[in-house]
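If you count the sequence shown from 1, you need to add 1049 to reach our numbering. The beta carbon of each residue, even a glycine, is placed where N, CA and C say it ideally should be. Remember, it's a predicted structure, so these values are computed and weren't measured experimentally.
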Amino acid sequence: MNNDAGWLAAEMLARHGIDTIFTLSGGHLFPLYDGCVRHEQRLVDVRHEQTATFAAEGWAKVTRRVGVAALTAGPGVTNGVSAITGARMTGSPMLIVGGRAPQQRWGSGSLQELDHIPIVASVTKDAFTIPAAADVPGAIDRALVTAAEAHRGPVFVDVPLDAWGPADVDVPEATRPSNGQPPDPDAITAVATLVAESARPVLLVGADAYFARAEEPLRAFASDARVPVFANGLGRGMVPADDEVAFARARSVAFRDADLVLVAGSPLDFRLNFGRFGDAAVVHLTDSPAQVASHVDLAASSAGDIAATFDGLAERSATNPAHDDWLTSLRTVESERRAAEQVDLDADVSPIKPTRIYGELRARLARDAIVIGDGGDFVSYAGKLIDTYTPGCFLDPGPFGCLGTGMGYALAAGLAHPDRQVVVMLGDGALGFSLGDLDTLVRWGVNVVLIVGNNGIWGLEKHPMQLIFGYDVVAELTPGTRYDQVATALGAHGELVVDPADIGPALDRAFSTAGPSLVNVLTDPADAYPRSSNLG
Ligand SMILES: Cc1ncc(C[n+]2csc(CCOP(=O)(O)OP(=O)(O)O)c2C)c(N)n1
Ligand SMILES: [Mg+2]
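Below you can see the structure in the form of structure tokens.
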């Protein structure tokens, strides 16, 4: 059948169940748009390609399916590179379809002519140009499967302007991505033996376990084997925060005193002290062989489908009361630390202490609320003080740590889950990266509450520089900026809060207002998140 490549691309996207594509208009993409329109797919148009690309990654994070962005040739693609890199570091499944200058004129200097492939090759799982319309369905199919299979990540394809023409080609059935290779049963047995013989085991869960949908077997294993579970990134909520084996505050004690640390679905990176946990033996459970850490002496490891890995561990684990004293001692630490936080959550001081915002917010969050963090110190508090009960409900930028994810993640979360609370915690510095896309949230009527911790500084940089150099530079922002008025001008609901007693009522109004709301809370610039190091 004769169809143009825009239709062919949209047809293959549809066969993979993709109905939402994030983009910013560009002529190199018109044929794709036309194909999507004919397939009644939702083209979500934004104000900056970083937002389209962060939104595609956010879509992956809140749906566990491939997120798709279409970026126009040249600057459209280069504007997406940070978000693509973040997706690579987190292992988020994503497809980026780029426009591309026509190949017939290549080298003559067409508008926006740029060879994107070498630029994105190092930050994608795969990146290639689709040379002809007839190749489009097969190439899109392959790209989507590559993105979705472990170890997941972003895939980039671009289509030259003169390759969008008609082709006489049938669109094949969509290839179903596999769950990845099954783990080696002997490796699982070895890990189960280490757990059974340990006195003080700890399990740390990360994003790859989330994308593998491992929560049920993981919880069954941890409950049976009596292993305390901690989480980073998208591992949060895999075991609900109020489960008897879920812990957060006792982490430093757990990692210091453990004799066995299992890390599942996270690299042994700076977030995990590069895989050094006192004298503990370390086990790395990953979704594919290349992810197994090579910079740490491991007691054991397993590579393969993480859900199957925990199924195997659950099968081999008997209830182990020998770990109960360990669980009890960690629970004591956990409870003491939670109790000690209360004074900060209730802080009734002016200027406002950021922790008070979290005190007010926690009382208003549903168990399946999605909380997004984009900023420095203000977001570090979110990581500590927000409890997550449902998988996919806490979105941080991941190990790449890129500011500016906020509006894109919010757009994706609000569109994917219109019936749930979506809250974005933004530093005032971070907000500036994507403030223009508040307009997008307004145009798309997305129900999102944006809470700005407005301290008038790049706090996570200013305080450490003061500590190290005794002075600071390039760390000031304008104090008291009326981001709420910017929100109002763009058509959103906006509120300024300067008194701690007004935070709660402002949040109530924001949650009950349709469309986006921005609550601009002026916070104390002298307040620094207590941390030991911020680089690593
Ligand atoms: C794209 C990008 N640029 C710069 C940084 C470095 N950085 C990390 S945190 C931070 C400060 C953030 O300030 P703000 O959002 O106001 O939050 P605060 O620390 O003040 O609460 C900066 C500049 C980064 N992580 N990403
Ligand atoms: Mg700030």
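Asked	Found
Shortest alpha-carbon distance to residue 1112 belongs to which of 1444, 1347, 1351?	1444
From which residue to which residue does the beta strand (DSSP E) around residue 1542 run?	1542–1546
Helix, strand or coil: how does DSSP classify residue 1369 here?	coil
If you count every other CB in all the chains shown that lies within 10 Å of the CB of residue 1059, and 16 or more means buried, which is it?	buried
In whole angstroms, what is the alpha-carbon distance linking residue 1306 and residue 1247?	12 Å
Give the straight-line distance between the Cα atoms of residue 1487 and residue 1370, rounded to the nearest whole angstrom.	52 Å
State the DSSP-derived secondary structure class of residue 1384, mapped to helix, strand or coil.	helix
Just how far apart, CA to CA, sit residue 1403 and residue 1410?	11 Å
State yes or no: is the C-beta of residue 1440 within less than 8 Å of the C-beta of residue 1287?	yes
At a cut-off of 7 Å, is residue 1506 close to ligand 2 when judged by its beta-carbon and the heavy atoms of the ligand?	yes
Could you give the residue range of the alpha helix (DSSP H) that holds residue 1564?	Counting along the chain, residue 1564 falls outside any alpha helix (DSSP H), and DSSP gives it neither H nor E.
Is any heavy atom in ligand 1 found nearer than 7 Å to the beta carbon of residue 1422?	no
Ignoring anything shorter than 3 residues, give me the beta strand (DSSP E) runs that lie fully in the segment 1267–1299, in order along the chain.	1278–1280
Quick check: residue 1470 and residue 1326, are their CB atoms within less than 8 Å of each other?	no
Using only alpha-carbon positions, find the residue among 1296, 1339, 1186, 1414 that is nearest to residue 1376.	1296
Please report how far the alpha carbon of residue 1070 lies from the alpha carbon of residue 1472, in whole angstroms.	22 Å
From this set, 1080, 1498, 1073, which residue's C-alpha is nearest residue 1120's C-alpha?	1073
Return the bridge partner residues of residue 1250 from the DSSP annotation.	1309
What would DSSP say about residue 1393, mapped onto helix, strand or coil?	helix
In terms of residues, what are the limits of the beta strand (DSSP E) holding residue 1064?	From DSSP, residue 1064 is part of no beta strand (DSSP E) but of the alpha helix (DSSP H) over 1054–1064.
On the DSSP letters alone, give me the boundaries of the alpha helix (DSSP H) that residue 1159 sits inside.	Run containing residue 1159: none; DSSP gives neither H nor E here.
Go ahead and pull the three-state DSSP assignment for residue 1471.	strand
DSSP beta-bridge partners for residue 1503?	1571
Which residue's Cα is closest to the Cα of residue 1468: 1336, 1077, 1097, 1415?	1415
In terms of residues, what are the limits of the beta strand (DSSP E) holding residue 1127?	Element bounds for residue 1127: not the beta strand (DSSP E) but the alpha helix (DSSP H), 1124–1128.
Got a sec: does ligand 2 put a non-hydrogen atom nearer than 7 Å to the Cβ of residue 1425?	yes
Taking a contact to mean a Cβ-Cβ separation below 8 Å, would you say residue 1549 touches residue 1399 in this structure?	yes
Relative to the alpha-carbon of residue 1521, which residue among 1531, 1534, 1533, 1506 has its alpha-carbon at the smallest distance?	1506
So for residue 1460, helix, strand or coil by DSSP?	helix
Among 1397, 1454, 1315, which has the Cα closest to the Cα of residue 1108?	1454
For residue 1229 versus residue 1182, is the C-beta spacing smaller than 8 Å?	no
Report the residue from 1176, 1227, 1062 whose alpha carbon sits nearest the alpha carbon of residue 1203.	1176
Go through the segment 1390–1429 residue by residue and report every complete run of the alpha helix (DSSP H) that reaches 4 residues or more, in order.	1403–1411
Among 1061, 1263, 1329, which residue has its Cα nearest to the Cα of residue 1185?	1061
Would you call the segment 1526–1540 and the segment 1551–1560 in contact, with 3 or more CB pairs under 8 Å?	no
Could you check if residue 1131 is buried or exposed, using at least 16 other CB atoms within 10 Å of its CB as the buried criterion?	buried
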